[in-house]
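When we follow my numbering, the leftmost residue of the sequence shown carries the number 109, and every step to the right adds one. Worksheet: one structure, shown below.
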Amino acid sequence: MSLWCDKYRPKTFDELDYQLEQAALLQTIVASGDFPHFLIFGPNGSGKKTRIQCLLHALYGDGVQSLRIENHEYETPSRKKIEITTIGSNFHVQVNPRILEARERLYELIAHCIPAEIIFKGLLEELLANCDDVLKIQITQIAAEYEHRLRQGSKEIFHLEAFIAKFMCIYKQHMQKMAAGLDEVFD
Numbered sequence: 109m110s111l112w113c114d115k116y117r118p119k120t121f122d123e124l125d126y127q128l129e130q131a132a133l134l135q136t137i138v139a140s141g142d143f144p145h146f147l148i149f150g151p152n153g154s155g156k157k158t159r160i161q162c163l164l165h166a167l168y169g170d171g172v173q174s175l176r177i178e179n180h181e182y183e184t185p186s187r188k189k190i191e192i193t194t195i196g197s198n199f200h201v202q203v204n205p206r207i208l209e210a211r212e213r214l215y216e217l218i219a220h221c222i223p224a225e226i227i228f229k230g231l232l233e234e235l236l237a238n239c240d241d242v243l244k245i246q247i248t249q250i251a252a253e254y255e256h257r258l259r260q261g262s263k264e265i266f267h268l269e270a271f272i273a274k275f276m277c278i279y280k281q282h283m284q285k286m287a288a289g290l291d292e293v294f295d
């Protein structure tokens with residue numbers, strides 16, 4: 109099962125039908141043989157992933173389409189373990205550093221002596237304001253459970269992170285159900 113946007117995403121430069129000047133420039137760079145490293149940035153939905161996939165296809169062929177997900181665990185000098193999920197093929201690796209931003213923000217708030225209950229309440233309000241009505245009851249129930257754990261536990265950051273992870277799991281399952289429903293409609 110794949111998302112509609114991934115199923116119909118252009119795979120070669122010839123299939124692109126927008127921003128053709130950028131595509132031509134990337135084709136020229138690939139054809140020159142002197143291919144440097146690239147750091148790609150831009151707003152969401154601007155076609156970064158599509159252009160990168162086309163670029164990789166031009167360089168390495170169809171092998172870039174078979175992707176695998178890997179989890180890497182690193183230990184910092186302060187003995188904190190960081191797990192980073194990468195997506196890649198035999199020819200490339202995609203790393204998204206945004207996954208570490210939530211933890212960084214939580215640590216920053218706690219370091220500035222903001223009570224964990226206030227952080228939790230603000231987090232819950234934002235999540236409920238931005239999610240579907242179907243999920244609100246389930247998220248509220250889980251929030252009550254984790255808020256109770258937060259009051260009883262000693263390491264506040266663990267309970268906040270656990271709540272975020274649980275929310276992400278629930279939201280992922282919800283999105284998968286929605287995608288499965290869309291696949292049935294379009295098939």
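Cβ atoms here follow ideal geometry from the backbone N, Cα and C, with glycine treated the same way. These numbers were taken from a predicted model, which means no experiment stands behind them.
Asked	Found
To which residues does DSSP link Ile-192 through a beta bridge?	His-180
Return the CA-CA distance between His-180 and Leu-167, expressed in angstroms with no decimal places.	26 Å
Does DSSP put Gln-202 in a helix, in a strand, or in coil?	strand
Report back the beta-carbon spacing between Lys-244 and Leu-236 to the nearest angstrom; my notes put them in contact at under 8 Å.	6 Å
Considering only the alpha carbon of each residue, which of His-267, Thr-158, Ala-273 lies closest to Leu-124?	Thr-158
Going by DSSP in three states, Ile-148 sits in which element: helix, strand or coil?	coil
Measure the beta-carbon distance from Ile-192 to Val-203 and round it to whole angstroms, keeping in mind my assumption that it falls under 8 Å.	7 Å
Ser-197 and Val-172 - do their beta-carbons sit closer together than 9 Å?	yes
Go ahead and pull the three-state DSSP assignment for Tyr-168.	helix
Going by CA-CA distance only, name the one from Arg-259, Leu-232, Gln-260, Asp-241 that's closest to Ala-273.	Leu-232
Roughly how many angstroms lie between the CA atoms of Lys-189 and Glu-178, to the nearest whole one?	16 Å
Under 9 Å between the Cβ atoms of Glu-269 and Ala-210?	yes
Could you check the C-alpha separation between Cys-277 and Tyr-182 for me, to the nearest Å?	23 Å
What do you get for Ile-247, buried or exposed, if any count of 16 or more other CB atoms within 10 angstroms of its CB means buried?	buried
Where does Phe-143 sit, in a helix, a strand or coil, going by DSSP?	coil
How would you write the range of the alpha helix (DSSP H) that Ile-250 sits in, first residue to last?	241-260
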